[in-house]
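Novice: So that we are looking at the same thing, I have put the structure below in structure tokens.
Encoded structure:
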């Protein structure tokens, strides 16, 4: 009898033993300066979410969810390393990482494992052809447009002005034009929102009640206790869209999100990303639950993603969150407006409306106004009879509106989800374009930059003491080619300063202003961001983002730095994407693509620098750097450009850039300079390249040294540096290849 009872107990335990399911959690407990690492403040949300799931018998029955914690220190390389370690530890999914996640998402996709991030704003991961297993619970900024449109349509506003950047030059220009829309939309921080309203107040445009300023923030939640801090005295016609924060009472008592009176301290601030982290675990667990019920494979990341996308879930903040077909969460906005209050200003920002999503059509949003703000008078999106554009508030007489064309600012017209442009807008575009060229918006006052010469870094490096020794770098003249880029502080950020000295006083022509405007308009992850320039006598000083890791040439010549296949592929991919963007931009081509012009930022992302401004560079003074250095800087240049004998980058072409990329690809794979172990001097190499093929064979780097290089990479090099420019691949086919 005792034996039978013991066997019964053992059999019962075997039936009730749960299977462990392991997931990886990647966060950043610390990181480099200016990087906001969230791990220390939000990681408790991970433990809470896993405990809630394990305590709920209706989710993942007969299974126990556990997680592996990893700190990537906000370093992309470390992040890929810990991701691989978690995969080796049999993790079937990954929560995180925070910050940039493109590489990690691609790796997870290669394993067909799901990844749900709680803090990743990379727009590229929305491409499901490349990242089919990635989703995120942090709302995407690009998806806030639907809420704005619904708000506009509700109040009958079909034209509004989007303010992208507010700076002194823009303000001065608008003061001179005195041409105003009635509705302004700002996707910006609270400080800039207040600056914009203060600016309109100075112009007397907020006194009539005809103007509305709408501010949008998807990374800021509404705090009722701070409603008065959002007030700008004297201004009442304000609307703000903030992420909704309605903490459910059940969860408000949980340790990570709120605190009881005994252990509460006002100094402790929990980031909104704690909520996104909690939601990420819950979203994944529910999708995994559906897979288990259907008998599917729990390691099938595509199946998991398909059960996450195009769904609405109840978030920890108490409201419904929609994840679209690309796995991107849409922010649930609360609309705030100034309402009467007993505070110091007499008004405070209070919720007046919300958005509801159609249960049948999740793409359909409806704005619900809970509190009437305007009553019977709702400001018009534009005056009924237009504007003269000469004095603020001055209107065109209705009797003469048929004989006079109004001069308006750039507006976006919304009507039945279509955008209409009239002749007036076309005329204004041309006028505005010329105004922007004449405004010198790129110009920076030298007094605004605090130079730090002691932190100068090498932009064209010489050989490191323990680097690969080759003929091209062992010349005594090489020291002369080393130049340093100064570092400065501009508006609180580190910037790189590069001077262009000319022989005569700089007279900035229209064509030069056009080049500066084109450069300032460029925005790409693999292009060094051009901030502006200072002009002093015969020197134009270029101000760009600071790339702390130096140049790619520095990295390739540093023998202590080991480059694995994945990192090498990332370097090549970054250069290709940057080159493709340049070729599709008004700049057309780079003209001087080489390893010293490829800089590496703190995240080990390669960015192409020193592009554009060809008219300025044509006038610059060429220093005497010696014969060796003079010819070494030409080693990446295509033979047809060398034969023209035109100073770089003036003779540059897109086919020439492709040739340079082929030499650069060899340099990356060989790590012994652009021509490897070649015994010839740079001058002799350039002479042979310029001379052309001998017996049908053109002089190029010796690929036989690349014994471990894949065939398709060698074929790409040869296709890029073909002697005939017309036979070279363009940047797009190179990427496809």
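In the UniProt record's numbering, the protein residues as written are 1 to 737. For glycine and all other residues, C-beta sits at the position ideal for the given N, C-alpha and C.
1. So, at 8 Å on beta carbons, what are the nonlocal neighbours of residue 21 in its own chain, with the 5 sequence-adjacent residues on each side left out?
2. DSSP state of residue 518, grouped into three classes?
3. Would residue 533 pass as a contact of residue 542 if the rule is Cβ separation under 7 Å?
4. By the 10 Å Cβ neighbour count, where 16 or more other Cβ atoms means buried, how is residue 537 classified, buried or exposed?
5. Is it right to say residue 351 is buried, meaning 16 or more other beta carbons lie within 10 angstroms of its own, or is it exposed?
6. Can you give the Cα-Cα distance for residue 331 and residue 320, rounded to whole angstroms?
7. So the beta strand (DSSP E) residue 20 belongs to, where does it begin and stop?
8. Pick out whichever of 357, 79, 280 and 83 has its Cα sitting closest to the Cα of residue 31.
9. Looking at residue 353 and residue 133, is the spacing between their C-beta atoms short of 7 Å?
10. Per DSSP, residue 536 forms a beta bridge with which residues?
11. Run the CB neighbour count on residue 610, radius 10 Å, all protein chains shown included, and call it buried at 16 or more, exposed below.
12. Based on the DSSP output, what are the partners of residue 739 in its beta bridges?
13. Given a threshold of 16 other Cβ atoms within 10 Å of its Cβ, counted over all protein chains shown, does residue 118 qualify as buried or as exposed?
14. If you draw a straight line from the C-alpha of residue 307 to the C-alpha of residue 290, how long is it?
15. Within 6 Å: the Cβ of residue 536 and any heavy atom of the ligand NAP?
16. When you compare each of 557, 490, 521 and 562 to residue 545 by their alpha carbons, which one comes out closest?
17. Which residue spans inside the region 580 to 643 form an unbroken beta strand (DSSP E) run of at least 3?
18. What number of angstroms, rounded off, separates the C-alpha of residue 499 from the C-alpha of residue 447?
19. How big is the Cα-Cα spacing for residue 120 and residue 99?
20. Spatial neighbours of residue 276 within its chain, please: C-beta separation below 6 Å, excluding the five flanking residues on both sides.
21. Give the straight-line distance between the Cα atoms of residue 110 and residue 548, rounded to the nearest whole angstrom.
22. What's the call for residue 103, buried or exposed, on a 16-neighbour Cβ count within 10 Å?
23. Would you call the region 707 to 719 in contact with the region 631 to 639, where contact means no fewer than 3 C-beta pairs closer than 8 Å?
24. For the 8 Å Cβ check, are there 3 or more pairs between the region 656 to 669 and the region 582 to 600?
25. Compare the Cα-Cα distances from residue 304 to each of 340, 282, 114 and 326 and report the closest residue.
26. Measuring CB to CB, does residue 97 end up less than 7 Å from residue 23?
27. Once DSSP output is grouped into helix, strand and coil, what is the label at residue 700?
28. Does DSSP classify residue 490 as helix, strand or coil?
29. Taking residue 182 as the reference, which of 210, 377, 325 and 640 has the closest Cα?
30. If you count every other CB in all the chains shown that lies within 10 Å of the CB of residue 607, and 16 or more means buried, which is it?
31. Tell me the DSSP bridge mates of residue 551?
32. With a threshold of 7 Å on Cβ separation, who are the neighbours of residue 151 within its own chain once the five nearest residues in sequence on each side are excluded?
33. Short of 6 Å in beta carbon distance, which residues of its chain neighbour residue 11, apart from the five on each side in sequence? Order them along the chain.
34. Which first and last residues belong to the beta strand (DSSP E) in which residue 322 is found?
35. Which residue from 284, 602 and 19 puts its Cα closest to that of residue 75?
36. Using only alpha-carbon positions, find the residue among 442, 316, 323 and 317 that is nearest to residue 310.
Specialist: By the coordinates alone:
1. As a first step, residue 21 must be located in the chain shown, where it is residue number 21. The residues are 60, 63, 64, 65, 66, 92, 288 and 298.
2. Here residue 518 is taken as the residue at index 518 of the chain shown, counted from 1. Reduced to three states, the DSSP call for residue 518 is helix.
3. For the purposes of this step, residue 533 is taken as residue 533 along the chain shown, with counting starting at 1. For the purposes of this step, residue 542 is taken as residue 542 along the chain shown, with counting starting at 1. Going by C-beta atoms, residue 533 is nearer than 7 Å to residue 542.
4. If you number the chain shown from 1, residue 537 lands on position 537. So residue 537 counts as exposed.
5. For the purposes of this step, residue 351 is identified with residue 351 of the chain shown, where counting begins at 1. Looking at its Cβ environment, which holds 16 or more other Cβ atoms inside 10 Å, residue 351 is buried.
6. The count along the chain shown starts at 1 and reaches residue 331 at position 331. The count along the chain shown starts at 1 and reaches residue 320 at position 320. Approximately 10 Å, taken between the alpha carbons.
7. As a first step, residue 20 is located in the chain shown; it is residue number 20 there, counting from the start. First-last of the beta strand (DSSP E) with residue 20: 19 to 27.
8. In the chain shown, residue 31 corresponds to position 31, counting from 1. Measuring from the Cα of residue 31, the nearest candidate turns out to be 79.
9. Looking up residue 133 in the chain shown gives position 133. Looking up residue 353 in the chain shown gives position 353. It is not a contact, given that the beta carbons lie outside the stated cut-off.
10. Locating residue 536 in the chain shown gives position 536, where the first residue counts as 1. 539.
11. By 1-based counting over the chain shown, the position of residue 610 is 610. So residue 610 counts as buried.
12. Any property of residue 739 remains undetermined from this structure, which presents the chain solely from 1 to 737.
13. Position 118 of the chain shown, counting from 1, holds the residue named residue 118. So residue 118 ends up on the buried side.
14. Numbered from its first residue, the chain shown carries residue 307 at position 307. Numbered from its first residue, the chain shown carries residue 290 at position 290. In a straight line, the C-alpha of residue 307 is about 8 Å away from that of residue 290.
15. The ligand NAP is not part of this structure, which contains no ligands at all.
16. Taking the chain shown and counting its residues from 1, one reaches residue 545 at position 545. For the residues 557, 490, 521 and 562, the minimum Cα distance to residue 545 belongs to 490.
17. 598 to 600 and 606 to 608
18. Here residue 499 refers to the residue found at position 499 of the chain shown. Here residue 447 refers to the residue found at position 447 of the chain shown. Residue 499 and residue 447: Cα-Cα distance of roughly 16 Å.
19. Sequence index remark: in the chain shown, residue 120 carries index 120 (1-based). Sequence index remark: in the chain shown, residue 99 carries index 99 (1-based). Going from the Cα of residue 120 to the Cα of residue 99 covers about 5 Å.
20. Here residue 276 refers to the residue found at position 276 of the chain shown. Correct list, in chain order: 118, 137 and 138.
21. Position 110 of the chain shown, counted from the start, is the residue given in the question as residue 110. Position 548 of the chain shown, counted from the start, is the residue given in the question as residue 548. For residue 110 and residue 548, the distance between alpha carbons rounds to 31 Å.
22. Residue 103 sits at position 103 when you count from the first residue of the chain shown. Buried: at least 16 other Cβ atoms inside 10 Å.
23. no
24. yes
25. Stepping through the chain shown from its first residue, residue 304 is reached at position 304. Ranking the options by Cα distance to residue 304, first place goes to 114.
26. For the purposes of this step, residue 97 is taken as residue 97 along the chain shown, with counting starting at 1. For the purposes of this step, residue 23 is taken as residue 23 along the chain shown, with counting starting at 1. No, they are not a contact pair.
27. The residue labelled residue 700 in the question sits at position 700 within the chain shown. Coil at residue 700, not helix or strand.
28. As a working note, residue 490 is residue 490 in the chain shown. Note: residue 490 maps to strand in three-state DSSP.
29. As a position in the chain shown, residue 182 is number 182, starting the count at 1. If we check each option's Cα against that of residue 182, 210 comes out closest.
30. As a working mapping, residue 607 is identified with position 607 in the chain shown. With 16 or more Cβ atoms within 10 Å of its Cβ, residue 607 is classed as buried.
31. Sequence index remark: in the chain shown, residue 551 carries index 551 (1-based). Note: residue 551 sits in a beta bridge opposite 599.
32. Within the chain shown, the letter at position 151 stands for residue 151. Around residue 151: 335 and 367.
33. For the purposes of this step, residue 11 is identified with residue 11 of the chain shown, where counting begins at 1. Low confidence applies to residue 11: its pLDDT is 41, below 50, so where it sits in the model is not reliable enough to give any reading.
34. Along the chain shown, one-based indexing puts residue 322 at 322. Per DSSP, residue 322 belongs to the beta strand (DSSP E) from 320 to 323.
35. Along the chain shown, read from residue 1 onward, the residue named residue 75 stands at position 75. Cα-wise, what sits closest to residue 75 is 602.
36. Counting from one through the chain shown, the residue named residue 310 turns up at place 310. Checked all of 442, 316, 323 and 317; the closest Cα to residue 310 is 323.
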